[in-house]
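Peer 1:
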Amino acid sequence: MTTPASVLIVEALLALPFVILGLSHIVQRHMWVDFFNGLAAQGHAGVVWRSMALEIWPAALIIALHQDWSWPGVVITAYGHLLMFKVGVSLLFPAIGRRSLQQAEKSGTAGFVVAGLVLIGLGFLCGYRAFVMSPP
Numbered sequence: 000m001t002t003p004a005s006v007l008i009v010e011a012l013l014a015l016p017f018v019i020l021g022l023s024h025i026v027q028r029h030m031w032v033d034f035f036n037g038l039a040a041q042g043h044a045g046v047v048w049r050s051m052a053l054e055i056w057p058a059a060l061i062i063a064l065h066q067d068w069s070w071p072g073v074v075i076t077a078y079g080h081l082l083m084f085k086v087g088v089s090l091l092f093p094a095i096g097r098r099s100l101q102q103a104e105k106s107g108t109a110g111f112v113v114a115g116l117v118l119i120g121l122g123f124l125c126g127y128r129a130f131v132m133s134p135p
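Residues 0 to 135 (numbering that gives the first Met the number 0) make up the sequence shown, in order.
Below is the structure:
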């Protein structure tokens, strides 16, 4: 069961990483294209690596401790559930996960800019809720 304190902790923990990753996706988008192309070249191993090293941890943290279904917290909660769904699909159907990795080569940097903007938005939402809205 999540509590207001656990929701606050998740938001405080994720605010800065989301902003840094988002900025990196925009400023160093070519680096991310190269990284995802490298993962795609690894085949199923790349899918496992991306899912287990990058995605499952924030998803699990949000699902376990951030079940806020009211606005605007639901945005973070929904992100965690969607990310875990993506992990599940990628690991149960690795061909789909691999196609996801191959999108970097097909679409180039545009997708990373969009993802970066989403991550920055999530980071600012987490930061605002954790550090501005929260009681002293």
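Think of the CB as a built atom: it goes at the ideal place given N, C-alpha and C, for glycine as much as any other residue.
Would you call the segment 76-87 in contact with the segment 41-55, where contact means no fewer than 3 C-beta pairs closer than 8 Å?
Peer 2: Proximity of the segment 76-87 to the segment 41-55 meets the contact definition, three or more beta-carbon pairs being nearer than 8 Å.
Peer 1: So for aspartate 33, helix, strand or coil by DSSP?
Peer 2: As a working note, residue 33 is residue 34 in the sequence shown. Note: aspartate 33 maps to helix in three-state DSSP.
Peer 1: Using 8 Å as the threshold, is the segment 91-111 in touch with the segment 68-78, meaning 3 or more CB pairs across them?
Peer 2: no
Peer 1: Let me confirm a value: threonine 2 is counted as buried when at least 16 other C-beta atoms fall within 10 Å, else exposed. Which label applies?
Peer 2: One-based indexing of the sequence shown puts residue 2 at position 3. Its Cβ having fewer than 16 others within 10 Å, threonine 2 is exposed.
Peer 1: When you compare the CB positions of alanine 129 and alanine 14, do they come within less than 8 Å of one another, or not?
Peer 2: Here residue 129 corresponds to residue number 130 of the sequence shown, with the count starting at 1. Here residue 14 corresponds to residue number 15 of the sequence shown, with the count starting at 1. Yes, Cβ-Cβ distance for alanine 129 and alanine 14 is below 8 Å.
Peer 1: Beta carbon of isoleucine 62, beta carbon of tyrosine 78: below 8 Å?
Peer 2: Along the sequence shown, read from residue 1 onward, the residue named residue 62 stands at position 63. Along the sequence shown, read from residue 1 onward, the residue named residue 78 stands at position 79. Cβ atoms of isoleucine 62 and tyrosine 78: not closer than 8 Å.
Peer 1: When the Cβ atoms of the segment 110-124 are set against those of the segment 5-21, are three or more pairs found closer than 8 Å?
Peer 2: yes
Peer 1: Under a three-way DSSP split, which group does glycine 107 fall into?
Peer 2: By one-based count along the sequence shown, residue 107 stands at place 108. In this structure, DSSP gives glycine 107 a state outside helix and strand, which the three-state scheme calls coil.
Peer 1: Based on Cα-Cα distance, which residue from Phe123, Phe111, Val46 and Cys125 lies nearest to arginine 97?
Peer 2: The count along the sequence shown starts at 1 and reaches residue 97 at position 98. Of Phe123, Phe111, Val46 and Cys125, the residue nearest in Cα terms is Val46.
Peer 1: Taking just the CA atoms, how far does threonine 76 sit from alanine 11?
Peer 2: Position 12 of the sequence shown, counted from the first residue, corresponds to residue 11. Position 77 of the sequence shown, counted from the first residue, corresponds to residue 76. Taking C-alpha positions only, alanine 11 is separated from threonine 76 by approximately 14 Å.
Peer 1: Smallest Cα separation from phenylalanine 168: which of Pro16, Leu82, Gln27 and Gln66?
Peer 2: Outside the shown range of the chain, which is 0 to 135, sits residue 168, and nothing can be said about it.
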